[in-house]
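Residue numbers (the working numbering): 611 to 710. Glycine included, each C-beta is placed from N, C-alpha and C at the ideal position. Quick caveat, the model's predicted, so the values are computed rather than measured. Reading through the structure tokens given below for one structure.
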């Protein structure tokens, strides 16, 4: 199953032109798909990302969960419910909030 990686594309400074890779979640038994983000927040610094996760129980493709991963602290929080299959998730701006 795939890993979750962050690619750093160095556009300036001593590493200009280089790409460094940071493994956020190494290769394992689960697969993840990312939410569609609010494009007004694209390119901004962040600590938290959300993903849909398959094989959440490490056995069944149909066992799915929503992952909230804080990459600044390493904390992972999951939501899942039996016989519930989230798909094609995206965020809808609610206004008035400046977190996450």
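Ends of the beta strand (DSSP E) at residue 637? Note, residue 637: premise wrong, no beta strand (DSSP E); not H, not E.
Which residue marks the beginning of the beta strand (DSSP E) containing residue 689, and which one marks its end? It spans 686-689 - the beta strand (DSSP E) in which residue 689 sits, taken as one unbroken run.
How big is the Cα-Cα spacing for residue 622 and residue 642? Rounded to whole angstroms, residue 622 to residue 642 spans 31 Å at the Cα level.
Using only CA atoms, which one of 674, 665 and 612 lies nearest to residue 689? Relative to residue 689, the option among 674, 665 and 612 whose CA is nearest is 674.
Below 8 Å on the Cβ atoms is my contact criterion, and I expect residue 634 with residue 651 to pass it. Report the Cβ-Cβ distance as a whole number of Å. No, residue 634 and residue 651 are not in contact; Cβ-Cβ is about 18 Å, not under 8 Å.
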